[in-house]
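Student: First the structure, then my questions, so here it is.
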Amino acid sequence: MSSFSNPHHMYLFALKNGKRKLAYGQSPEDALEILNVRLTPAEMAEIVREDYVKINQRELQKYVGQLG
Numbered sequence: 006m007s008s009f010s011n012p013h014h015m016y017l018f019a020l021k022n023g024k025r026k027l028a029y030g031q032s033p034e035d036a037l038e039i040l041n042v043r044l045t046p047a048e049m050a051e052i053v054r055e056d057y058v059k060i061n062q063r064e065l066q067k068y069v070g071q072l073g
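Each residue of the sequence shown is one higher than the last, beginning at 6 in our numbering.
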């Protein structure tokens, strides 16, 4: 199936330490599920699930300093 029929987006989720975690998915919930596969339970506990920003790839450079 083409990725054009199931678009994915980039999301920056806030972390409790003030930084942000980059994730991708069809929705914020999907992005969190993908992160859950990649991160430890302790790392997932640091994510503020309700605090996210949807960005496109061209904007990513603006947020590099906030990634943690």
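The beta-carbon is built from N, C-alpha and C at its ideal position, and this holds for glycine as well.
The alpha helix (DSSP H) spanning R43 covers which residue range?
Tutor: 33–43
Student: Would you identify the three-state DSSP class for K26, choosing helix, strand or coil?
Tutor: strand
Student: Go ahead and pull the three-state DSSP assignment for K21.
Tutor: coil
Student: Identify every residue that forms a DSSP beta bridge with K58.
Tutor: In the sequence as displayed, the identity of residue 58 is Val instead of Lys. Answer is L17, bridged to V58.
Student: Taking all protein chains shown into account, decide if L37 is buried (16 or more other Cβ within 10 angstroms of its Cβ) or exposed.
Tutor: Per the 10 Å Cβ criterion, buried.
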